[in-house]
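Asks:
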């Protein structure tokens, strides 16, 4: 008796992905298109949050340490 072909599971939601409409991510894993887009948006939001935290951290460090960054005019001697 031949074995039945099973659909691959989406690596995001862990439900079967139909072969006719399946997509693959950058690592070759099966994924629903909407799951992939949600994952990308989640990563983007996380990156934006981390960037904001890094900026806040730098700002508080500058205030704590008394470091001041000012634009200086370059003077050329000549």
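Numbering (our numbering), first residue to last: 40 to 117. By construction, the Cβ of each residue, glycine as well, lies at the ideal position given by its N, Cα and C atoms. Keep in mind the model is a prediction, meaning the values are calculated, not measured.
Does DSSP put residue 63 in a helix, in a strand, or in coil?
Replies: strand
Asks: Measuring only the C-alpha atoms, how far is residue 72 from residue 61?
Replies: 8 Å
Asks: By the 10 Å Cβ neighbour count, where 16 or more other Cβ atoms means buried, how is residue 84 classified, buried or exposed?
Replies: exposed
Asks: Assign residue 77 to one of three DSSP states: helix, strand, or coil.
Replies: Helix.
Asks: Any idea which residues DSSP pairs residue 69 with across the strands?
Replies: 63
Asks: So, with DSSP's three-state summary, where would you put residue 58?
Replies: DSSP, reduced to helix, strand and coil, places residue 58 outside both helices and strands of the structure shown, so it counts as coil.
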